[in-house]
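A.B. asks: For my numbering, add 2 to where a residue sits in the sequence shown, where the first one is 1. I'd like to ask some things about the structure below.
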Amino acid sequence: MKKFSLFCGLLMIPVFIVSIIHIQIIKTANHTPPANIPYLIVLGAKVNGEEMSLSLLNRAKTALSYLEDNPNTKVIVSGGKGKGENVTEAEALRRFFVENHINENRILVEDRSTSTYENLKFTKELYDIEEAVIVSNDFHLYRATTFADKVGIKGFPLAAETPKVVKATLFIREYAAVLKMKLVGT
């Protein structure tokens, strides 16, 4: 009986940690950013050839809505080129915004990054911005805004829907990524 109690007690530790992380993720995703923030950063996600993944498309559509409501906001499209991608994530996003009538003068590009941290770090280095709306899928915004703070950008989260077909997998992966961030910093 003592071993069973010890086992149950030890099992509660990871459940507690995941619960805390989940609460932080949900709280961050439920924020609504203020209007008229000068910059909006769309974090990159998978591109299949030249087509945006559903996750990236959801980010783009969410960002487009903010840009239409805030005509003085500039958008920074972010993301390099990974395996299976014929164009950078930033280029796929840039094309989407141009096709949806966002003036090219409002579109800034960061196309070297290969991670969330690099998206924000390279954006800060290129454009020296102080604050921005950060658009990503709901599961990802807590980590993204934490990294934004780390590189000196005050980030206002704007959540795009996560596709249901990958939601459970991405949340589980994100719990591990947040834990890694807490332990090693990136």
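Think of the CB as a built atom: it goes at the ideal place given N, C-alpha and C, for glycine as much as any other residue.
Got a sec? Which residues, its chain only, sit under 7 Å from E106 by beta carbon, not counting five neighbours each side?
C.D. replies: Correct list, in chain order: V100.
A.B. asks: Skipping 5 residues on each side, what residues in its chain have a beta carbon closer than 6 Å to that of N102?
C.D. replies: Result list for N102: L66, in chain order.
A.B. asks: What number of angstroms, rounded off, separates the C-alpha of S115 from the C-alpha of G82?
C.D. replies: Near 5 Å, if we compare the C-alpha coordinates of G82 and S115.
A.B. asks: Under the three-state reduction of DSSP, which class applies to K83: helix, strand or coil?
C.D. replies: Three-state result, K83: coil.
A.B. asks: Straight-line CA distance for F124 to A37?
C.D. replies: Going from the Cα of F124 to the Cα of A37 covers about 24 Å.
A.B. asks: Starting from L160, follow the beta strand (DSSP E) in both directions and report where the run begins and ends.
C.D. replies: Per DSSP, L160 belongs to the beta strand (DSSP E) from K156 to A162.
A.B. asks: Using only the alpha-carbon positions, how far apart do P40 and K4 sit?
C.D. replies: Cα to Cα, P40 sits roughly 59 Å from K4.
A.B. asks: Mapping the DSSP letters down to three states, classify V44 as helix, strand or coil.
C.D. replies: It is a strand residue.
A.B. asks: Report the option in G86, L122 and K63 whose CA atom is closest to the CA atom of L95.
C.D. replies: It is K63.
A.B. asks: Relative to the C-alpha of V79, which residue among I27, R97 and N72 is closest?
C.D. replies: It is R97.
A.B. asks: Can you tell me whether DSSP reads A37 as helix, strand or coil?
C.D. replies: Here A37 sits in coil by DSSP.
A.B. asks: Are the Cβ atoms of L2 and V135 separated by less than 7 Å?
C.D. replies: No information on residue 2 is available, as it lies outside the stretch 3 to 188 that the chain covers here.
A.B. asks: Thinking C-beta only, is L143 closer than 7 Å to T30?
C.D. replies: Against a cut-off of 7 Å, the Cβ pair of L143 and T30 comes out as a contact.
A.B. asks: Round the Cβ separation of I43 and V137 to the nearest angstrom and send it over; I've been treating them as touching at under 8 Å.
C.D. replies: The pair is a contact, with the Cβ atoms about 7 Å apart (cut-off 8 Å).
A.B. asks: Determine which residues share a DSSP beta bridge with L110 and list them.
C.D. replies: Paired residues: I78.
A.B. asks: Take Y119 and list the residues in its own chain whose beta-carbon comes closer than 7 Å to its own, dropping the five residues that flank it on each side.
C.D. replies: Excluding sequence neighbours, Y119 sits near F149 and T188.
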